[in-house]
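Everything below concerns the one structure shown next.
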Amino acid sequence: MNDQTVSPLSDFNASDLKLKGFKVYKISDDVSKIPSYNRRDFYKICINTSQSLIHYADRGIEVDGTILFFGNPHIPYSWEAISPYEGYACVFTEEFLKVNDRSESLHQSPLFKIGGTPIFNLSPDQKVFIDTLFEKMIAEQETDYVFKDDLLRNYINLILHESMKMQPSENFFKHKNASARITSLFLELLERQFPIEAKDSPLILKTPQDYAQSLAVHVNHLNRSVKEITGKSTTAHISERIIGEAKALLQHTNWSIADIGYSLGFEYPSYFNNYFKRLTGTVPKSLRM
Numbered sequence: 086m087n088d089q090t091v092s093p094l095s096d097f098n099a100s101d102l103k104l105k106g107f108k109v110y111k112i113s114d115d116v117s118k119i120p121s122y123n124r125r126d127f128y129k130i131c132i133n134t135s136q137s138l139i140h141y142a143d144r145g146i147e148v149d150g151t152i153l154f155f156g157n158p159h160i161p162y163s164w165e166a167i168s169p170y171e172g173y174a175c176v177f178t179e180e181f182l183k184v185n186d187r188s189e190s191l192h193q194s195p196l197f198k199i200g201g202t203p204i205f206n207l208s209p210d211q212k213v214f215i216d217t218l219f220e221k222m223i224a225e226q227e228t229d230y231v232f233k234d235d236l237l238r239n240y241i242n243l244i245l246h247e248s249m250k251m252q253p254s255e256n257f258f259k260h261k262n263a264s265a266r267i268t269s270l271f272l273e274l275l276e277r278q279f280p281i282e283a284k285d286s287p288l289i290l291k292t293p294q295d296y297a298q299s300l301a302v303h304v305n306h307l308n309r310s311v312k313e314i315t316g317k318s319t320t321a322h323i324s325e326r327i328i329g330e331a332k333a334l335l336q337h338t339n340w341s342i343a344d345i346g347y348s349l350g351f352e353y354p355s356y357f358n359n360y361f362k363r364l365t366g367t368v369p370k371s372l373r374m
């Protein structure tokens with residue numbers, strides 16, 4: 086019996102998804118076309134029937150049956166199917182779901198927040214109900230109804246509220262090699278911040294403390310694990326990746342140096358210049374042709 090990594094997404098255009106902020110689709114193990122949208126932009130809700138192993142941050146869970154899964158783009162996760170699978174999924178941005186600034190952030194939702202439990206076992210009746218909501222969303226996204234987005238948001242919120250009434254799964258297990266696992270998660274989360282695609286959307290995670298908070302571990306534990314496994318500090322990994330991205334942006338975009346610095350998390354150009362010079366021995370302007 087061979088495990089397989091599940092990325093069961095239907096064929097759709099990545100830029101179109103970023104523009105609309107929402108996509109719902111059916112999943113099954115016969116889907117071969119996989120889109121390459123940027124995972125860090127999208128939250129995910131998935132109903133899946135299979136025998137599977139799900140890795141979520143530094144935890145794992147074995148499932149056999151129908152589950153409802155909530156994926157936070159800022160928490161690394163992966164999914165291995167042990168048996169054939171089927172179900173539905175939707176991906177969406179926080180901007181799509183939030184209609185005003187007073188709406189609760191998804192980061193604070195019990196279903197998506199750091200340290201929460203994102204997996205719910207479904208009874209046959211619950212499966213039928215959730216399946217029906219996904220089928221309604223699939224049908225609705227093809228219409229020209231003027232208030233379609235509002236209706237889709239209502240379906241998502243109905244799934245969220247129904248899920249919060251359920252008892253979450255509690256059969257998580259800790260991975261045996263905790264240092265290796267947390268280091269792998271840190272490196273994956275670091276890489277998810279890049280490439281920088283917009284100069285007005287600054288880097289979210291900039292310090293070891295930021296990464297530790299996103300991974301729901303103490304920063305000292307993160308630092309010890311990363312140093313033990315890689316021989317380099319957490320700060321060194323972050324700095325090297327930021328400098329690498331800075332060089333790419335300086336050489337391959339026409340953004341101003343101030344805009345590049347801001348996109349990398351530096352509020353003032355002088356901060357970026359000093360940081361870059363300290364780590365490279367030269368100033369950003371020297372890389373401009």
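Read in order, the letters of the sequence shown correspond to residues 86 to 374 in the numbering used here.
Glycine included, C-beta positions come from ideal geometry on N, C-alpha and C.
Of the residues the options, the one placed nearest residue i, counting alpha carbons only
i      : options                        : result
Met249 : Pro203, Ser371, Thr217, Ser341 : Pro203
Leu275 : Ile267, Lys284, Asp285, Tyr296 : Tyr296
Glu165 : Val176, Glu225, Ile146, Phe197 : Ile146
Phe271 : Ile223, Lys370, Lys312, Asn206 : Lys312
Gln298 : Leu349, Ser168, Phe177, His159 : His159
Arg309 : Ile267, Phe279, Lys212         : Ile267
Leu191 : Arg326, Phe351, Gly156, Ser264 : Gly156
Lys111 : His246, Gln211, Glu220         : Glu220
Asp344 : Lys284, Glu225, Gly316, Ser324 : Lys284
Tyr347 : Val231, Pro287, Phe214, Met222 : Pro287
Pro280 : Leu196, Thr292, Lys332         : Lys332
Ser324 : Ile314, Gln278, His303         : Gln278
Phe351 : Ala265, Lys291, Trp340, Asp229 : Lys291
Leu245 : Asn262, Lys317, Leu196         : Leu196
Ser194 : Val176, Thr228, Asn242, Val213 : Asn242
Val176 : Phe214, Leu372, Met222, Pro354 : Met222
Ser168 : Pro161, Lys183, Ser137, Phe181 : Ser137
His337 : Lys317, Tyr353, Tyr356, Glu282 : Glu282
Glu273 : Pro161, Asn339, Leu237, Val213 : Pro161
Lys183 : Arg144, Leu237, Ala224         : Leu237
Glu247 : Asp235, Asp234, Phe214, Tyr230 : Phe214
Lys105 : Asp234, Ile342, Ser341, Lys370 : Asp234
Ile130 : Thr367, Gly366, Leu218         : Leu218
Leu300 : Lys317, His322, Ser269         : Ser269
Ser371 : Asp229, Ile342, Ala224, Tyr353 : Ile342
Cβ separation of residue i and residue j, assumed to be a contact under 8 angstroms, to the nearest whole Å
i      : j      : result
Tyr173 : Ser135 : So it is not a contact: roughly 13 angstroms between Cβ atoms.
Glu179 : Tyr128 : 7 angstroms
Thr320 : Leu307 : That belief does not hold up - the Cβ atoms of Thr320 and Leu307 are roughly 11 angstroms apart, past 8 angstroms.
Gln211 : Val109 : Wrong, their Cβ atoms sit about 18 angstroms apart, outside the cutoff.
Phe232 : Phe181 : The Cβ separation is near 14 angstroms, so there is no contact.
Per DSSP, cross-strand counterpart(s) of residue i
i      : result
Phe197 : BP columns for Phe197 are empty, so no partner.
Phe154 : Cys131, Ile204
Val109 : Cys175
Gln136 : Asp149
Trp164 : Ile139
Pair within 8 angstroms by beta-carbon distance, residue i and residue j
i      : j      : result
Ser163 : His140 : yes
Ile289 : Asp216 : no
Val304 : Gln294 : yes
Ala263 : Ile314 : no
Leu334 : Arg373 : no
Chain B contact for residue i (CB, 8 angstroms cutoff)
i      : result
Leu243 : Annotation note: the requested chain B is absent from the structure, which comprises a single protein chain.
Give a yes or no on contact between the region 205–213 and the region 146–155, applying the rule of three or more CB pairs nearer than 8 angstroms.
As far as the Cβ criterion goes, the region 205–213 touches the region 146–155, which means the pair count is three or higher.
Taking 8 angstroms as the cut-off, does the region 359–371 touch the region 326–339 (at least 3 CB pairs, one atom from each stretch)?
The count of Cβ pairs closer than 8 angstroms, one atom from the region 326–339 and one from the region 359–371, reaches three, so the stretches are in contact.
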